[in-house]
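Those sequence lines, one after another, are chains Z and A.
The first sequence begins at 1 in full-length UniProt numbering and counts up one residue at a time.
The second sequence begins at 1 in full-length UniProt numbering and counts up one residue at a time.
All residues carry an ideal CB built from backbone N, CA and C; glycine is no exception.
Just below is one structure, and these are the notes that go with it.
There are 2 protein chains.
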Amino acid sequence: MAYIQVPEGVPGIRSLVMFRPETGKHLYDLAQALLRGESPLTEAERELIAAYVSYRNDCMFCWSSHAAASRCLYGDEKNIVDEVLNDMHRSNVSDKMKALLNIAGKVQILGKEVTDEDIAEARKHGADDRTLHDTVLIAASFSMFNRYVDGLASFTPTDPVVYEEMGKRMAKGYVLPQQQ
Amino acid sequence: MAYIQVPEGVPGIRSLVMFRPETGKHLYDLAQALLRGESPLTEAERELIAAYVSYRNDCMFCWSSHAAASRCLYGDEKNIVDEVLNDMHRSNVSDKMKALLNIAGKVQILGKEVTDEDIAEARKHGADDRTLHDTVLIAASFSMFNRYVDGLASFTPTDPVVYEEMGKRMAKGYVLPQQQ
């Protein structure tokens, strides 16, 4: 049970933004701009970075839902998502995505972990300023979402089918849920 | 020098949101709602939580600027800020604030670190649902801001006078800087 009184049965961050829509609105707007707005990274790639960071932060609600959204957006290539979560370095993502996921993993630990060499490696494989910016901000923002969701012990479903449905909805975009 | 090409000489997060105002807008709106909007916590207390988390994340730009904003808002009681940064448990903040800062420190590590006992201790000293919510979201959001600022190696001034001036501006609120 969540540490504060949120709408019953509503999972994860949805229950928290319904408790406090004044801040929730900006959290959903940020997710929409960052994960669905214009970017050199595809929506599938951005969801993969979100899932990867959330998995490293052991936030089951966030990694399960964003992995589901990423699988949905990758379509026929959806196996890539589980490969990355299981072992990113041995997965079949491109060298560019490996370099970006490496940066995201450093940001997940702490901002200062990112080095000149990490950035140079990503640039070598074609990452431009906007790609680097979006990678770091996605990793940073999920360091927030994960802590918000677990820090208040919000409801975390365990049925994979629930996440599959959630992923389909999320693939269409992030819209603040209405209050009950 | 920052890892991406941001406006020269502009410090910290300001340079990053000028690079990408589409996401920057929501980051500033979130800070304004969370740190200046209606809350059972005073603005000084909320800035103190932000400074405390940023200090623990070793993000000099964020802790220096939010400590300055908190000192400005605490006025005659401004010494409390440095007491908390030096040794929270021995500082002269109330038992309620100690319980909330303890929760913020747990969130800084990871959401799951927060326990039923941490929440019960805060409630014992009068913290309600909104107080707990805002404490966790401030701690979570600074886990993002800190990583964004340091993960892209944005410009970090070292002169305390610069932060004092910044704190006075921040005490008035968070408004997205215009692009140069």
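Interface residue (Cβ-Cβ distance to chain A less than 8 Å): S141/Z is classified as such. Residues of the same chain with a CB within less than 7 Å of the CB of M170/Z, apart from the 5 flanking positions on each side, are S65, A69 in chain order.
Judged by pairs of C-beta atoms under 8 Å, the stretch 16-33 of chain Z touches the stretch 157-177 of chain Z, as three or more such pairs exist. Within the stretch 141-176 of chain Z, the runs of alpha helix (DSSP H) that reach at least 4 residues and sit entirely inside it are, in chain order, 160-171. At least one CB of chain Z lies nearer than 8 Å to the CB of L132/A.
According to the DSSP assignment, V84/Z belongs to the alpha helix (DSSP H) that extends over 79-87.
Its Cα nearest to that of A99/Z, the residue D116/Z stands out among D150/Z, D116/Z, Y55/Z. Where I119/A is concerned, the enclosing alpha helix (DSSP H) starts and stops at 116-124. Taken in chain order, the whole alpha helix (DSSP H) runs of length 4 or more contained in the UniProt domain "Carboxymuconolactone decarboxylase-like" (21-104) of chain A are 21-36, 43-56, 60-74, 79-87.
Using a Cβ-Cβ cut-off of 8 Å, Y3/Z counts as an interface residue toward chain A, since at least one Cβ of chain A sits closer than that to its own. Secondary structure note for L16/Z: its alpha helix (DSSP H) is the uninterrupted segment 12-19. Contact of M88/A with chain Z is not assigned, every C-beta pair being separated by 8 Å or more.
Residue nearest to I109/A within the set N79/A, E164/A, N57/A, V93/A is N57/A (criterion: CA-CA distance). By the C-beta density criterion, H89/A is exposed, having fewer than 16 other C-beta atoms within 10 angstroms. For N57/Z, a Cβ of chain A is located within less than 8 Å of the residue's own Cβ. The contact set of V161/A on chain Z, defined by CB atoms closer than 8 Å, is empty, because the minimum CB distance reaches about 24 Å.
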